[in-house]
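A.B. asks: Here this note's numbering is used: the first residue of the sequence shown is 129, the next is one more, and so on. A virtual CB, placed ideally from N, CA and C, is assigned to each residue, including glycine. Predicted, not measured: the structure shown is a model, and the values here were computed from it.
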Amino acid sequence: MTNDANQPAAEDGDIIYPHAVPFVLVHLACLGAIWTGVTWQALTLGVLLYCARMFGVTGGYHRYFSHRTYKANRAFQFFLAFLAQSTAQKSVLWWGAKHRHHHLYSDGEEDIHSPRHTGFFYSHVGWIFDRKNETTDLAKIDDFARYPELVLLHKYELVPAIILALLCFATAGWSGLVIGFFWSTVALYHATFCINSLAHVHGTKRYVTGDDSRNNWILAFFTMGEGWHNNHHAYQASVRQGFRWWEIDFTYYLLLGCKKLGLVSDMELPPQAVLKNEHKLTARVINKAAADLAASFDVEQIAARIRGSLPTLPDSTELHARLASLSLPHVPTRDEVSAAAARLLARTPSIDAVIDRAHALLLEKLGQKIAQA
Ligand SMILES: [Zn+2]
Ligand SMILES: [Zn+2]
Numbered sequence: 129m130t131n132d133a134n135q136p137a138a139e140d141g142d143i144i145y146p147h148a149v150p151f152v153l154v155h156l157a158c159l160g161a162i163w164t165g166v167t168w169q170a171l172t173l174g175v176l177l178y179c180a181r182m183f184g185v186t187g188g189y190h191r192y193f194s195h196r197t198y199k200a201n202r203a204f205q206f207f208l209a210f211l212a213q214s215t216a217q218k219s220v221l222w223w224g225a226k227h228r229h230h231h232l233y234s235d236g237e238e239d240i241h242s243p244r245h246t247g248f249f250y251s252h253v254g255w256i257f258d259r260k261n262e263t264t265d266l267a268k269i270d271d272f273a274r275y276p277e278l279v280l281l282h283k284y285e286l287v288p289a290i291i292l293a294l295l296c297f298a299t300a301g302w303s304g305l306v307i308g309f310f311w312s313t314v315a316l317y318h319a320t321f322c323i324n325s326l327a328h329v330h331g332t333k334r335y336v337t338g339d340d341s342r343n344n345w346i347l348a349f350f351t352m353g354e355g356w357h358n359n360h361h362a363y364q365a366s367v368r369q370g371f372r373w374w375e376i377d378f379t380y381y382l383l384l385g386c387k388k389l390g391l392v393s394d395m396e397l398p399p400q401a402v403l404k405n406e407h408k409l410t411a412r413v414i415n416k417a418a419a420d421l422a423a424s425f426d427v428e429q430i431a432a433r434i435r436g437s438l439p440t441l442p443d444s445t446e447l448h449a450r451l452a453s454l455s456l457p458h459v460p461t462r463d464e465v466s467a468a469a470a471r472l473l474a475r476t477p478s479i480d481a482v483i484d485r486a487h488a489l490l491l492e493k494l495g496q497k498i499a500q501a
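Shown next as structure tokens:
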């Protein structure tokens with residue numbers, strides 16, 4: 129992805145509509161099936177290309193280039209990058225850098241694609257065409273940006289997809305191009321994007337991760353294991369995302385096959401403590417989860433009630449210190465925060481630390497609100 133310095137300046141947050149045109153055209157190309165018809169040969173090609181390239185997305189873009197959950201020799205590394213980029217989801221350097229940013233700020237305000245802050249459509253697809261996401265922060269992916277062959281693929285990011293499209297046309301004609309290539313490319317787009325959107329909205333939470341990531345078996349099936357997204361946010365270094373035997377993870381099974389063939393090695397697995405959900409949360413996750421827990425209380429309303437019940441407001445400078453010792457019925461107690469945690473959060477041995485932090489945050493916010501009055 130290149131940054132054109134001659135482009136007229138636009139405000140942050142603008143969606144670059146001209147850049148979205150090829151993306152829309154790829155969708156429209158799928159309608160070509162009206163004229164080419166749908167042959168079994170082309171349909172089989174489409175399904176095969178979907179599966180092979182989904183492995184490029186999950187085993188390549190995600191588990192290798194973004195998270196380095198296993199090691200690959202240099203030739204296989206190039207193959208993974210080429211296969212991933214044949215999906216036309218930009219370069220592995222762009223994809224990896226953006227994804228690392230996502231994990232750094234997941235569902236915080238700086239997250240580039242959080243349904244919580246930006247809405248579902250933007251988190252699904254809009255962010256890709258946002259001017260502020262156009263360039264690649266190579267410093268975030270300098271471990272791979274040092275390979276000239278990956279930099280070349282970065283510069284000519286669409287070449288793998290164009291070569292594949294031509295091969296589809298050469299082997300199966302127009303229906304091979306439309307059904308085999310375009311249908312599978314569009315399906316891959318939306319299956320991948322669903323992990324950024326749906327997997328942060330629908331599903332179950334096994335782990336406290338301080339974000340909205342979810343486990344969703346339907347998504348896991350169509351994305352070859354990526355739907356175990358709450359597992360993944362809980363332990364990103366793991367090559368395996370389905371932590372239970374029944375959590376199917378085709379990408380992991382394929383990587384096991386690659387390991388047998390000597391193509392990959394050093395596959396990182398989650399420690400037993402993580403598998404059993406007995407690990408202590410980091411301070412960062414505790415703080416994020418506590419902030420969300422505190423935010424589940426309506427501070428404005430509670431502050432208004434407290435203000436109404438006080439005949440005279442104490443001096444604002446001493447208010448925060450005094451608030452904790454006040455026995456007002458309207459101030460949420462630690463037990464109430466604990467009850468909210470039981471309702472909203474998954475099981476974790478760090479739950480007391482989350483509740484204590486959330487309770488302190490809540491009192492702090494209440495103190496500020498009342499002092500503002
Ligand atoms: Zn990830
Ligand atoms: Zn995520």
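Is the beta carbon of E386 sitting closer than 8 Å to the one on L347?
C.D. replies: A small correction: the amino acid at residue 386 is Cys; Glu does not occupy that position in the sequence shown. Not closer than 8 Å, so no.
A.B. asks: Using the C-alpha atoms, what's the distance from G188 back to F257?
C.D. replies: The straight-line gap from Cα to Cα measures roughly 22 Å.
A.B. asks: Tell me the DSSP secondary structure of S424 in three-state form.
C.D. replies: DSSP places S424 in coil when its eight states are reduced to three.
A.B. asks: Measure the C-alpha to C-alpha separation of F425 and G355 and round it to an integer number of angstroms.
C.D. replies: Near 30 Å, if we compare the C-alpha coordinates of G355 and F425.
A.B. asks: CB-CB under 6 Å to P398, same chain, minus the five flanking residues each way: which ones, in chain order?
C.D. replies: Y363, S366.
A.B. asks: Keeping to the same chain, check which residues put their C-beta closer than 7 Å to that of A240; ignore five residues upstream and five downstream.
C.D. replies: The displayed chain sequence assigns Ile, not Ala, to residue 240. Excluding residues within five positions, the ones whose Cβ falls inside 7 Å are K226, H229, H230, W255, N261.
A.B. asks: Ligand 2 heavy atoms versus the CB of H252: any closer than 7 Å?
C.D. replies: No, the Cβ of H252 stays beyond 7 Å of every heavy atom of ligand 2.
A.B. asks: To the nearest angstrom, report how far apart A499 and Q400 are at their CA atoms.
C.D. replies: Looking at the two C-alpha atoms, the distance is approximately 47 Å.
A.B. asks: Just to confirm, does S194 get its C-beta within under 7 Å of one of the non-hydrogen atoms of ligand 3?
C.D. replies: No copy of ligand 3 appears in this structure; the ligands present are ligand 1 and ligand 2.
A.B. asks: Is S507 a contact residue of ligand 2, with contact defined as CB to any heavy atom under 7 Å?
C.D. replies: Lying outside 129 to 501, the shown extent of the chain, residue 507 is not represented and no answer is given.
A.B. asks: Runs of 4 residues minimum, wholly inside the region 291-366: which ones carry the alpha helix (DSSP H) assignment?
C.D. replies: 312-324, 345-350, 357-362, all fully within the region 291-366.
A.B. asks: Could you check what DSSP says for S219 in three-state terms: helix, strand or coil?
C.D. replies: Of the three classes helix, strand and coil, the one that applies to S219 here is coil, per DSSP.
A.B. asks: Please report how far the alpha carbon of G505 lies from the alpha carbon of F248, in whole angstroms.
C.D. replies: For the chain, the structure presents residues 129 to 501; residue 505 sits outside this window and is missing.
A.B. asks: Going by DSSP in three states, A253 sits in which element: helix, strand or coil?
C.D. replies: Looking at the sequence provided, one finds Val at residue 253 rather than Ala. Correct three-state label for V253: coil.
A.B. asks: So the candidates are L281, Y335, D270, L153; which of them puts its Cα closest to the Cα of K218?
C.D. replies: Answer by Cα proximity: L281.
A.B. asks: Could you spell out the range, first to last residue, of the alpha helix (DSSP H) harbouring F378?
C.D. replies: Per DSSP, F378 belongs to the alpha helix (DSSP H) from 378-388.
A.B. asks: Considering Cα atoms alone, identify which of L491, L473, A212 is closest to P460.
C.D. replies: P460 has its Cα closest to that of L491, out of L491, L473, A212.
A.B. asks: With DSSP run on the structure shown, which of helix, strand or coil describes V392?
C.D. replies: Residue state, collapsed to three classes: strand.
A.B. asks: Tell me K199's beta-bridge partners as DSSP assigns them.
C.D. replies: Answer is S393, bridged to K199.
A.B. asks: Our contact map puts V154 next to F310 with C-beta atoms below 8 Å; I'd like the distance itself, whole angstroms only.
C.D. replies: With a Cβ gap of about 6 Å, V154 and F310 count as contacting.
A.B. asks: Could you tell me how far apart the beta carbons of V427 and L494 are, in whole angstroms, since I believe they sit closer than 8 Å?
C.D. replies: Correct: roughly 6 Å between the Cβ atoms.
A.B. asks: Under the rule that 16 or more other beta-carbon atoms within 10 Å means buried, what is R334, buried or exposed?
C.D. replies: Looking at its Cβ environment, which holds 16 or more other Cβ atoms inside 10 Å, R334 is buried.
A.B. asks: Under 8 Å, do R485 and N405 count as touching if we go by C-beta distance?
C.D. replies: Against a cut-off of 8 Å, the Cβ pair of N405 and R485 comes out as no contact.
A.B. asks: If you run the structure through DSSP and keep just helix, strand and coil, what is A270?
C.D. replies: Note that residue 270 corresponds to Asp in the displayed sequence, not to Ala. Reduced to three states, the DSSP call for D270 is helix.
A.B. asks: Do L221 and L266 have their C-beta atoms within less than 8 Å of each other?
C.D. replies: Yes.
A.B. asks: Relative to the C-alpha of P243, which residue among R342, F272, P146 is closest?
C.D. replies: Closest option to P243, Cα to Cα, is R342.
A.B. asks: Does D480 come out as helix, strand or coil in the three-state DSSP assignment?
C.D. replies: Note: D480 maps to helix in three-state DSSP.
A.B. asks: In whole angstroms, give me the CA-to-CA distance for H252 and V329.
C.D. replies: Spanning the two alpha carbons is a distance of roughly 11 Å.
A.B. asks: Count the other C-beta atoms from every protein chain shown that fall within 10 angstroms of the C-beta of A137, then say buried if there are 16 or more, exposed otherwise.
C.D. replies: The predicted position of A137 is uncertain, since its pLDDT is 39 and thus under 50; no value can be drawn from it.
A.B. asks: In whole angstroms, what is the alpha-carbon distance linking A298 and T186?
C.D. replies: The straight-line gap from Cα to Cα measures roughly 27 Å.
A.B. asks: Does at least one heavy atom of ligand 1 sit under 7 Å from the Cβ of H282?
C.D. replies: Answer for H282: no, Cβ out of range of ligand 1.
A.B. asks: Going by Cα to Cα distance, which pick from K268, V175, V149, R259 is closest to F193?
C.D. replies: Nearest option by C-alpha distance: K268.
A.B. asks: Could you work out which residue in A200, H360, G390, K388 is closest to D377 when comparing CA atoms only?
C.D. replies: That would be H360, whose Cα lies nearest to the Cα of D377.
A.B. asks: Using DSSP's beta-bridge definition, name the partner residues of D239.
C.D. replies: DSSP lists no partner for D239.
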